[in-house]
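Residue numbers (full-length UniProt numbering): 1 to 125.
Below you can see the structure in the form of structure tokens.
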């Protein structure tokens, strides 16, 4: 399982990579593996506000539909539009091409409650 060390992990299997005051958000390799083949991703629109620990969208696979939980709070500034036509990118490249949204964080302290790769791997045991 791929767990990059440069990102932070939420207990509900989303991740965040910080680029300045922008948080790039997606689901973990573990989550995409458990979901199976991703068929559809429902994401918020640019300008929407999301709140840490609350649902910001959903993801559907051949097995199940699951809610997506926000690892940080803020305003959505970009959505990965490619996922509308190619949701399989979430399976193929969950940390790179399969990212979901970019959020302008309103409180960098949100990051403090997230796990690093070691802590997240412990959660998965």
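Glycine is no exception: its CB is placed at the ideal position from the N, C-alpha and C atoms.
From the options, pick the residue whose C-alpha is nearest to that of residue i; which is it?
{"i": "residue 45", "options": "97, 79 and 116", "result": "79"}
{"i": "residue 51", "options": "82, 95, 111 and 62", "result": "111"}
{"i": "residue 32", "options": "49, 20, 56 and 68", "result": "68"}
{"i": "residue 65", "options": "40, 105, 122 and 100", "result": "40"}
{"i": "residue 123", "options": "103, 30, 25 and 71", "result": "30"}
{"i": "residue 49", "options": "95, 18 and 101", "result": "101"}
{"i": "residue 47", "options": "125, 105 and 60", "result": "105"}
{"i": "residue 5", "options": "20, 28 and 12", "result": "28"}
{"i": "residue 96", "options": "59, 58, 26 and 87", "result": "26"}
In the DSSP output, what is residue i paired with across the bridge?
{"i": "residue 56", "result": "None; residue 56 has no bridge partner."}
{"i": "residue 65", "result": "60"}
{"i": "residue 98", "result": "Beta-bridge pairing links residue 98 to no other residue."}
{"i": "residue 104", "result": "22 and 75"}
{"i": "residue 7", "result": "For residue 7, which the question treats as bridged, DSSP gives no partner whatsoever."}
{"i": "residue 16", "result": "8 and 25"}
{"i": "residue 115", "result": "9"}
{"i": "residue 147", "result": "Because the chain in this structure spans residues 1 to 125, residue 147 falls outside the shown range and cannot be described."}
Would the beta-carbon of residue i fall within 7 Å of that of residue j?
{"i": "residue 15", "j": "residue 22", "result": "no"}
{"i": "residue 90", "j": "residue 38", "result": "yes"}
{"i": "residue 43", "j": "residue 71", "result": "no"}
{"i": "residue 74", "j": "residue 55", "result": "no"}
{"i": "residue 99", "j": "residue 18", "result": "no"}
Less than 8 Å between the CB atoms is what I'm expecting for residue i and residue j, so what's the real figure, rounded?
{"i": "residue 3", "j": "residue 120", "result": "6 Å"}
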